[in-house]
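Notes for the one structure printed next.
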Amino acid sequence: MEVLLFILPVFFALSVLIIPKQGVRAYGIIGSLAVLVVVIACMMQYNNDGTMHLFMQKPWFYGITLSFGYDGISLLMLLLTAVLVPLILVSNFKNELAENRLFTSMVFFMQLGLIGVFISMDGLWFYVFWEITLIPIFLISWWFGAPERKAALTKFFIYTFVGSLAMLAALIGIKVNAPTFFIEDLKAVVFTGKTACWLALGFFLAFAIKIPVFPFHTWQPDTYTKSPMAGTMLLSGIMLKMALYGMIRWMLPLFPEAIHCLQYPVIILATIGVVYAAIIAVKQKDIKRVFAFASMSHVGLIAAAIMTCNFDALSGSMVQILNHGLVAVGLFLAVEIIERRTGTRNLDELGGFAKQAPKFAFWFAALAFASVSVPLTSGFIGEFLMLKGLVGFDMVVGIVAGTTLILGAVYTFRAYQLSMYGPVTRDHFADLHWSELIVLALIIIAVVIFGVYPAAITDFVNPSIKVVLETLSTPSGL
Amino acid sequence: MSVSQLLPLIVLLPLIGAFINGTLGKNLSKTIVGTIATGVMLVSFILATMAFMGVQHGKPVTAHLFTMIQTESFSLHARLYADNLSMWMTMIVTGVGTLIHLFSMGYMKHDAGYYKFFVYLNLFIFAMLVLVLGSNYFMLFFGWEGVGICSYLLIGFWYQDFKNTLAARKAFIMNRIGDLGLLIGLFLILGKFGTLEYAEVAKAVMAKGFEISECLIFGITICLFIGATGKSAQIPLFTWLPDAMAGPTPVSALIHAATMVTAGIFLTVRSSYLFEHAELTKEIMLYIGLATSIVAAFIAMRQNDIKKVLAYSTVSQLGMLFVALGMGAYTAAMFHVTTHAFFKALLFLGSGSVIHAMSDEQDIRKMGGLRKKIPITHFTFLIGTLAISGIPLLSGFYSKDEIIGHAFESHKFVYFALMFSSALTAIYMFRLYFVTFFGTFRGTHEQEHHVHEGPASMTLPLIILAVLSVFGGLLNLPGVFLHNGTHWLSHHYAQNVDGLMTPVEHGDPNTTLMLMVAAGAMAVIIAIVTYIVYVKKNSVPVADEQLKGWEKASAMKLYFDEIYDFLFVKPTLWLSEKGAHYFEGAFLHRSVVGLGKTIGKSGDLIRKIQTGRTDNYILWMVFGIIGLIVYYIIYYKN
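This is the structure in structure tokens:
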């Protein structure tokens, strides 16, 4: 059954190309829901003891194995992917793009790549899928993005490609001493301090660029703002989570020796990024840029939390990965709603929509609260656990990272109030279309459910996190 | 029903009310919306009374709902906890809350966002109940931020005026600064005790042989106190509260006077066992509270917005409460929280009734002579004024006196400072009262024509609160006149509240009596003097521009906003703007592009080597061979 995880996206990606134009919308949504069903089925049959469920493992050639499987962490990432893709397609419902066969096909290819990344337990396959995701997202933005997108996208492509090469080099570096690329074999290879640091650095560079960690982020705001909505959603909602997942799955377990040299620098960089991005977001005029920097600030915190290698922090980072994926999609949809109706994203030219579109005002406000992680939303649980880990790791780092609570409120509510409150600026501002309402409502409901009952997530991933951390605590790796 | 069954109901009822009105309220008539919202409050209050009775003499009751998070080192539960302290707060919240809901039915009658207002109000009560009834600091934090959200929504309720939304944002952000402190306090507690449950922390702290490093206990308590300064509007985080008056007046009464702003005091009393180990924090708390009390009272002297005066008065009273906490007088603080909830809610609702009568005018210089026109409002407002000023036999007299009495016993300096602050309080309150209700009417003709008493839904809460303001003092009478029935509240708390179980100390009756006479006489004299100034001489406050010296400083709120703007807001904005422009835009961007160009250039350089000329290649080859030989020699020689 798990093979369907590959087959379905490929099937839909190809078959959508020959569907009549008016059916593409529905077809895409049906396809993405089918994938969701498979993922849920996988979750149901997973026994949740933290072990790796390998549904395929056989040698192939030249040390490359066909190893695919999942544990709680992978399943959560799969769930995020499978939930967000239909949400993204539905949010896109009112755009002309939704009728575009090529676009829908690219979304499915993207999903294929993402799923592949999350279930590959072979280093080389992980790398291959990691690279595959770059192609559809690049094409989506290149074909359908804003008019002045090309420079930004070239920067994005080169940037991520350089990162990927570093990861490839590191992979080859360890394979020299391991029989295959299978994750357990790679883990078995023990490195001394310096080598481990260099190899881990190779992985980190790839991840840092994709997350993005300060100061490797300069591609991010431009690419987010120049991509079409669906592209931005895919990028911030799921794609950057690949890197966070990669840190947990590959970087830390493969190089437990490197933690000593990487931990402090990475946490400090990530924490700087948290504050830096938040401060920059405060005065941005383009509302999409505000949320782009907000996204960077939030994921910086996740990256820092993961590097503490603390159980609570990792648990919180998983909650926050899910939460951020949902909220980011919601916020970028809100931006799109404003842009679609007014033709601008400039906060100076917006205002007063709360009166004309009360439903939108309500759901957008709920999203804003979710984004600043108030209690009753899953973001709070995530940030609570992560900050607890960070405070335990280092008081100063914890407090500095904690200022995100304050700065987050500053930029989020500035953006919200400037766009929704104040004097009315447009004669007409249509309230939510049903497709928009569904997406926003589903996101908020999910965020609140996980905020009230986070055990639904943490109980699911905690055993797997425990296994990961056990790998770290034994110096030999295995 | 047992108490543990009642607790979830008490908390959930307001949420249900909010949900019904939130989903259906748009299509329901205003009367039904208001009745639902007020009705759930009333039922919640009745259930709270039942639970209060049930738990009064027994052990604390815990109602476990579900486990939120379970990790290796700790678990966080959604649990409710009823002891005499939390039930007391619940009674205040639901009781005063019900009255204010009732008042709002009349006050908000003409507002387009009527149903939304009640949804927010109900939600607020829900969050506030989670705050006081939660069984651990985690639940408290849930409620803590929850009330912050509702406060944000209600301050910015009239969002068409952008100024209101700015006030709302300011309140939210300032509260969040405190919240961060509180959160870190939570982490420290969790780190030390491995749990956030009150009962378990209390047990650990009060066990024999409990030890904690001075540094850690200071860290924990100061973090909790930072949280409290945000929510309870103490220096330095108090400037949001006066701005919060941008919200509808019932909101100011409920959230920014009676309930939410006392959350900081509740937190401190709840954690009294921790604070008892942290003398330094208590000292800091004492002096911060004292400074806040005097500064706010000073600013209130020359404010002319009826609600602003009351807002600064609230800040000042809260400061006095922290003085009490700093001296370890926890029950005295809770006593004053209670009476303050009565008379400050009364005063705010009274001011709402005045504003309602004056067609939304808030400047007391444009009022005057309202005594005859709105008699019920006038009379109840008078009672509120008397109570807060400490006129003998009213509730505020007793509760304030208890705090001042504590100060007299331990800190003489604090005693005189508190007396000074009370004197200021009496002055600005009587000034407010006389200028508003006496003299001649100074508003427009239209307003004069329109002045009227509100409907019964508005006057009834005023009357009930007035009665409570008069007799509230009976709750904790000092042991001067009677021997039985005194210090009821202290005994009540001593029954089952962790940390407050120490026996009640009765001060020396003669000293107590002397202090009471002094305080009472002062209040009466001030009342007479202000009467002479504002009624006999009929002086009306002048425009702010004509003020000089201390009066100007008072009217300009001691320039706190300007100083904060200069110190914090401007630098952040500057950083954001310049950072985006110079660092993000110029430096980082250029270095990335520069790196790209360098790579390109190096490609150029290498390309130039490929000249295509054979002699060049041979030359390079010779160099290469020489290099190899040299390498070979060196390598093997060593």
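In the order they appear, the protein sequences are chains B and C.
Position one of the first sequence corresponds to residue 1299 (our numbering), numbered consecutively onward.
Position one of the second sequence corresponds to residue 3 (our numbering), numbered consecutively onward.
Cβ coordinates follow ideal geometry from the N, Cα and C atoms, glycine included.
Rounded to whole angstroms, the gap between the alpha carbons of arginine 1399/B and leucine 269/C is 59 Å. Arginine 81/C is classed as buried because its beta carbon has at least 16 other beta carbons within 10 Å across all chains shown. When 8 Å is used as the limit between beta carbons, leucine 1703/B is near these residues of chain C: Arg178, Asp181, Leu182 and Leu185, in chain order. A direct Cα-Cα distance of roughly 16 Å separates phenylalanine 240/C from valine 325/C.
By alpha-carbon distance to alanine 496/C, the top candidate from Val263/C, Gln58/C and Gly626/C is Gln58/C. Interface with chain B (8 Å Cβ-Cβ cutoff): serine 578/C is included. Taking a C-beta cut-off of 7 Å against chain C, none of the residues of the stretch 1372 to 1387 of chain B qualify. Contact with chain B is found for glutamine 72/C, since one of that chain's Cβ atoms lies less than 8 Å from the residue's Cβ. In the DSSP assignment, threonine 1363/B falls within the unbroken beta strand (DSSP E) covering 1362 to 1368.
In the assembly as shown, phenylalanine 625/C is an exposed residue. Its beta-carbon has fewer than 16 other beta-carbons within 10 Å.
Taking 9 Å as the cut-off between beta carbons, the residues of the stretch 1456 to 1469 of chain B near chain C are Ile1456 and Tyr1457, in sequence order. With its beta carbon less than 8 Å from one in chain B, valine 594/C belongs to the interface. Within chain C, no C-beta atom comes less than 7 Å from the C-beta of leucine 1364/B; the nearest is roughly 35 Å away.
If you keep only unbroken alpha helix (DSSP H) runs of at least 4 residues inside the stretch 1451 to 1522 of chain B, you get 1481 to 1486 and 1491 to 1508. The alpha carbon of leucine 182/C has as its nearest neighbour, out of Met1693/B, Phe1727/B, Ala1753/B and Val1766/B, the alpha carbon of Met1693/B. For the pair valine 5/C and glycine 41/C, the Cα-to-Cα distance works out to about 21 Å. By the neighbour-count criterion, in which 16 or more other beta carbons inside 10 Å mark a residue as buried, proline 1510/B falls on the buried side. Distance check between histidine 447/C and each of Asn86/C, Met360/C and Ala20/C places Met360/C closest, using alpha-carbon atoms only.
In this structure, phenylalanine 1479/B lies away from threonine 1569/B, with their beta-carbon atoms at least 8 Å apart.
In terms of Cβ geometry, glycine 354/C and proline 457/C do not form a close pair [threshold 8 Å]. DSSP, read as helix, strand or coil, puts glycine 136/C in strand. Comparing C-alpha distances from lysine 32/C to each of Lys118/C, Ala302/C and Pro463/C shows the shortest one belongs to Lys118/C. Linking phenylalanine 418/C to histidine 408/C through their CA atoms gives a straight-line distance of about 12 Å. Residue state for aspartate 617/C is assigned as helix, using DSSP reduced to three classes. Threonine 1756/B is not a Cβ neighbour of serine 1595/B, given a cutoff of 8 Å.
The beta carbons of valine 1633/B and isoleucine 1386/B sit about 14 Å from each other, so the pair does not count as a contact at 8 Å.
The C-alpha of phenylalanine 443/C lies about 35 Å from the C-alpha of threonine 340/C. Per DSSP, the beta-bridge partners of phenylalanine 1359/B are Ile1362/B. Annotation: threonine 341/C is outside any beta strand (DSSP E); the continuous alpha helix (DSSP H) that includes it extends over 332 to 359.
It is roughly 13 Å from the alpha-carbon of isoleucine 1327/B to the alpha-carbon of valine 1737/B.
Its Cα nearest to that of leucine 1550/B, the residue Ile1604/B stands out among Gly1571/B, Thr1523/B and Ile1604/B. A Cβ-Cβ separation of about 14 Å leaves leucine 282/C out of contact with isoleucine 228/C under the 8 Å criterion.
Burial is judged here by how many other beta carbons sit within 10 angstroms of a residue's own beta carbon; valine 149/C has at least 16 and is buried.
A contact between stretches requires three or more CB pairs, one per stretch, nearer than 8 Å, and the stretch 1642 to 1653 of chain B fails this requirement with the stretch 1732 to 1750 of chain B. No Cβ of chain B is located within less than 8 Å of the beta carbon of arginine 81/C.
Secondary structure note for arginine 81/C: its beta strand (DSSP E) is the uninterrupted segment 77 to 84.
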